[in-house]
Amino acid sequence: MAAGELEGGKPLNGLLNALAQDTFHGHPGITEELLRSQLYPEVPPEEFRPFLAKMRGILKSIASADMDFNQLEAFLTAQTKKQGGITSDQAAVISKFWKSHKTKIRESLMNQSRWNSGLRGLSWRVDGKSQSRHSAQIHTPVAIIELELGKYGQMGCLRGSQEAKP
Amino acid sequence: VEKSSELPLDAKSEFVDFQWKLGLAASCDSCRSLKYPYVAVMLKVADHSGQVKTKSFEMTVPQFQNFDRQFKEIAAAIEAM
């Protein structure tokens, strides 16, 4: 087994980045073969597959529990002691990765859990009406507000107005 | 017949009502420890024919803070007129 090639360092950091893009940020087209050929070209597919699954599982566990740094260290230490677990080099790379990407991953998880429309944008204008065909109102300010609503990944608009009460 | 209110020509609807709730999403299938506070809003608007429609949406806390700030700016702009 080419264990040495599955050690930590740059390829593992790249792998974790790609796994995060695929699992949390919805980036399409990240396949196992793409990752293996780009990051671990010397590792045969039948060895790479379980390694990839293990790293994905670890990352998902860390993200799902929203681990703080104490929990992370305890979790990764336990993983290094397990049969078929990770090396301490790999643990160090995973730890560094989570510390720098935690906020962004958490934000993606929050977005994934939002099933109602979100507020994507708000713009407004205040009009000062002086007179119109049907009424002789003078100086009645009206606020016109445009809300852009949409599901995570979609767009939609709602525009409404509210006359200001004197 | 004089209309009691009329909409600016480019506004689709008139504001009727605004309801809100503050929620905390504790957990979900992809994240066991979500702990995500949000503001959910139910907006009622009436179109030109008077038909009332409801729109609901969610905001994160920072989005809501921006929402609040924008409405304060609107109020200030109206006051200044």
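In order, the protein sequences belong to chains A and B. Residue numbers for the first sequence follow the numbering used here, beginning at 6 and rising by one. Residue numbers for the second sequence follow the numbering used here, beginning at 28 and rising by one. Every residue gets a Cβ at the ideal spot worked out from N, C-alpha and C, and that includes glycine.
Within 10 angstroms of the Cβ of residue i, are there 16 or more other Cβ atoms? Answer buried if so, exposed if not.
{"i": "Gln84 (chain A)", "result": "buried"}
{"i": "Pro33 (chain A)", "result": "exposed"}
{"i": "Ser66 (chain A)", "result": "exposed"}
{"i": "Pro146 (chain A)", "result": "buried"}
{"i": "Arg41 (chain A)", "result": "buried"}
{"i": "Ala103 (chain B)", "result": "exposed"}
{"i": "Gln92 (chain B)", "result": "exposed"}
{"i": "Lys30 (chain B)", "result": "Low confidence applies to Lys30 (chain B): its pLDDT is 42, below 50, so where it sits in the model is not reliable enough to give any reading."}
{"i": "Trp47 (chain B)", "result": "exposed"}
{"i": "Ser113 (chain A)", "result": "buried"}
{"i": "Val88 (chain B)", "result": "exposed"}
{"i": "Ala38 (chain B)", "result": "buried"}
{"i": "Met108 (chain B)", "result": "exposed"}
{"i": "Glu47 (chain A)", "result": "exposed"}
{"i": "Ala79 (chain A)", "result": "exposed"}
{"i": "Glu51 (chain A)", "result": "exposed"}
{"i": "Glu85 (chain B)", "result": "buried"}
{"i": "Gln159 (chain A)", "result": "In this prediction, Gln159 (chain A) has a pLDDT of 46, which is less than 50 and means its spatial position is unreliable; nothing more can be read from the coordinates."}
{"i": "Leu39 (chain A)", "result": "exposed"}
{"i": "Leu51 (chain B)", "result": "exposed"}
{"i": "Phe4 (chain A)", "result": "With chain A running from 6 to 171 in the structure shown, residue 4 (chain A) is simply not present."}
{"i": "Leu49 (chain B)", "result": "exposed"}
{"i": "Ser40 (chain B)", "result": "buried"}
Taking C-alpha atoms, which residue in the options lies nearest to residue i?
{"i": "Glu37 (chain A)", "options": "A:His30, A:Gly31 and A:Tyr45", "result": "A:Tyr45"}
{"i": "Asp56 (chain B)", "options": "A:Leu39, A:Ser69, A:Trp129 and A:Arg41", "result": "A:Ser69"}
{"i": "Val43 (chain B)", "options": "B:Leu51, B:Ser54, B:Met86 and B:Lys82", "result": "B:Lys82"}
{"i": "Phe29 (chain A)", "options": "A:Ile150, A:Trp103 and A:Pro55", "result": "A:Trp103"}
{"i": "Leu64 (chain A)", "options": "A:Glu52, A:Gln43 and A:Arg111", "result": "A:Arg111"}
{"i": "Ala58 (chain A)", "options": "A:Asp71, A:Ser105, A:Thr108 and A:Gly90", "result": "A:Gly90"}
{"i": "Val98 (chain A)", "options": "A:Lys86, A:Lys109, A:His139 and A:Leu81", "result": "A:Leu81"}
{"i": "Arg54 (chain A)", "options": "A:Leu77, A:Gln26, A:Leu20 and A:Asn116", "result": "A:Leu20"}
{"i": "Gln117 (chain A)", "options": "A:Lys156, A:Arg125 and A:Met72", "result": "A:Lys156"}
{"i": "Pro16 (chain A)", "options": "A:Lys107, A:Gln43 and A:Gln88", "result": "A:Gln43"}
{"i": "Tyr63 (chain B)", "options": "A:Ala23, A:Asp71, A:Trp129 and A:Met60", "result": "A:Asp71"}
{"i": "Ile105 (chain B)", "options": "A:Arg61, A:Trp129 and A:Arg119", "result": "A:Trp129"}
{"i": "Gly123 (chain A)", "options": "B:Tyr65, B:His75, B:Leu61 and B:Asp74", "result": "B:Tyr65"}
{"i": "Gln76 (chain A)", "options": "A:Asn22, A:Gly31 and A:Ser100", "result": "A:Ser100"}
If you follow the alpha helix (DSSP H) that residue i is in, where does it begin and where does it stop?
{"i": "Leu3 (chain A)", "result": "The first residue shown for chain A is 6 and the last is 171, placing residue 3 (chain A) beyond what the model contains."}
{"i": "Arg54 (chain A)", "result": "Pro50 to Ser69"}
{"i": "Ile101 (chain B)", "result": "Val88 to Glu106"}
{"i": "Leu39 (chain A)", "result": "Glu37 to Leu44"}
May I ask you to check if the CB of residue i is nearer than 6 Å to at least one heavy atom of the ligand NAD?
{"i": "Leu77 (chain A)", "result": "Looking at this structure, you won't find the ligand NAD or any other ligand, since it has none at all."}
Assuming residue i is part of the beta strand (DSSP E), what are its boundary residues?
{"i": "Asp73 (chain A)", "result": "Taken as a continuous stretch (DSSP letters only), Asp73 (chain A) belongs to no beta strand (DSSP E), as it is neither H nor E."}
{"i": "Leu51 (chain B)", "result": "Ser40 to Ala52"}
{"i": "Asp74 (chain B)", "result": "Tyr63 to Asp74"}
{"i": "Pro146 (chain A)", "result": "Thr145 to Gly155"}
Q) Which residues, in order along the segment 118–135 of chain A, keep a beta-carbon less than 7 Å from a beta-carbon of chain B? A) Ser118, Arg119, Asn121, Ser122, Gly123, Leu124, Leu127, Trp129, Val131, Asp132 and Gly133
Q. Going along the segment 34–61 of chain B in order, which residues come within less than 8 Å of chain A, judged by CB to CB distance?
A. Leu34, Pro35, Asp37, Ala38, Lys39, Ser40, Glu41, Phe42, Ala52, Cys55, Ser57, Cys58, Arg59, Ser60 and Leu61
**Q.** beta strand (DSSP E) segments (min. 3 residues) lying fully within the segment 76–125 of chain A
**A.** none
Q.
So if I threshold CB-CB distances at 8 Å, which residues from the segment 74–87 of chain B count as touching chain A?
A. Lys82, Ser83, Phe84, Glu85, Met86 and Thr87
Q: Give, in chain order, every residue of the segment 89–114 of chain A whose Cβ lies closer than 7 Å to some Cβ of chain B.
A: Leu114
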